[in-house]
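Mapped onto my numbering, the consecutive letters of the sequence shown carry residue numbers 1 to 271. From the three backbone atoms N, C-alpha and C, an ideal C-beta is built for every residue, glycine too. The block underneath contains the structure these notes are about, expressed in structure tokens.
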Amino acid sequence: MAFRFQINVVSLIMHRPGWTSNEYHHFGNARTLATIQMETVLKFIATIILTISCLQGKSQADNEIKIYNSLIDSLYELKTCFKIIYPPFYKCCDIDTLYGDDMIKCCEKSLVPKQYRIYCPSCANKQDFDTSNVLMVVNEPFSTLDIKQDKKYLLSQVDKNSIYYDFIKSIKKPTPTRHLPTDSIKQQNIKFITKKEFDKNGFVHRYGKYGKQILLGYFDFSRIYIDSEKGIGLCKINWLGGGTCGYHKYFLIYRENGIWKLYKRIWKGVY
């Protein structure tokens with residue numbers, strides 16, 4: 001391109017009397033400077049656009065974190081698959097790996113009075129719960145929320161006159177996956193961590209109480225469809241709290257005085 005440009009300029013000089021060699025070089029240098037300046041401006045604009053895009057992405061992720069933190073006690077209850085025992089009742093066997101007859105034999109040796117004994121493998125005394133590493137393993141990104149296959153079912157679960165009906169009907173595209181800062185999710189003394197962190201810290205993949213560790217299960221948070229003007233939204237949770245305990249649900253939510261609340265749970269499946 002540079003070679004062609006020079007030929008055209010030289011040709012222009014030959015056909016424009018009065019142009020000197022110095023004027024030609026001055027024109028060429030000015031053209032080069034203008035090109036560099038233009039490239040610099042374009043790079044600056046691209047950087048601004050990328051920065052704004054990143055900030056918008058972070059803002060959206062932060063917003064979804066705030067929504068989930070507002071809802072977390074409604075989305076998941078500790079007692080679903082794990083039981084916390086409050087005084088004067090106590091777990092009568094401190095060996096967390098025992099079940100059935102073995103657990104009963106263990107409880108027969110307990111110092112807890114019989115009327116206050118609790119026979120259960122997936123439980124912990126309140127004091128133990130408060131002092132243990134209570135963990136919930138979470139998929140690191142927000143998962144994609146795509147209701148295409150479930151749209152008809154979701155519409156059948158809401159009133160046709162409801163704002164949620166029109167809201168669900170208007171959803172056309174899936175929301176792509178996005179990074180989830182797991183340490184931003186808060187609920188009581190539960191630590192939400194990624195599987196990578198879980199393995200790195202030497203925790204054991206065993207549901208319930210195991211020594212000073214209590215594993216509550218595995219969570220998958222979806223992205224959230226939000227209609228900001230109407231203050232309503234839709235999200236999905238996959239949770240596995242044991243071999244036969246867990247669920248797959250959609251949640252219709254709404255905003256009230258700046259706080260997001262649960263409107264309706266829509267069951268998709270249980271484990």
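Check for me: the alpha helix (DSSP H) holding residue 164 runs from which residue to which? In the DSSP assignment, residue 164 falls within the unbroken alpha helix (DSSP H) covering 163-170.
Determine contact between the region 66-85 and the region 248-261, defined as no fewer than three beta-carbon pairs at a distance below 8 Å. yes
Does DSSP put residue 218 in a helix, a strand or coil? strand
Closest by CA to residue 235, which one among 167, 131, 114 and 103? 167
Using three-state DSSP, classify residue 182 as helix, strand or coil. helix
Tell me the DSSP secondary structure of residue 227 in three-state form. Residue state, collapsed to three classes: strand.
Can you tell me whether residue 69 is helix, strand or coil according to DSSP? helix
Using DSSP bridges, identify the partner residues of residue 255. 260
On a CA-only basis, which of 193, 240, 232 and 245 is nearest residue 251? Give me that one, please. 232
Report the residue from 65, 35 and 32 whose alpha carbon sits nearest the alpha carbon of residue 179. 65
Contact defined as beta carbons within less than 8 Å: I believe residue 241 pairs with residue 207. What is the distance between those atoms, to the nearest angstrom? 7 Å
Use the C-beta contact count for residue 35: other C-beta atoms within 10 angstroms, 16 or more gives buried, fewer gives exposed. exposed
Can you tell me whether residue 137 is buried or exposed, with buried defined as 16 or more other CB within 10 angstroms of its CB? buried
Specify, as a first and last residue, the run of the beta strand (DSSP E) that residue 104 falls within. Per DSSP, residue 104 belongs to no beta strand (DSSP E); it is in the alpha helix (DSSP H), 100-108.
Between which two residues does the alpha helix (DSSP H) containing residue 111 stretch? From DSSP, residue 111 is part of no alpha helix (DSSP H); its letter is neither H nor E.
Under the DSSP definition of a beta bridge, which residues are partnered with residue 63? Answer is none; residue 63 lacks a bridge partner.
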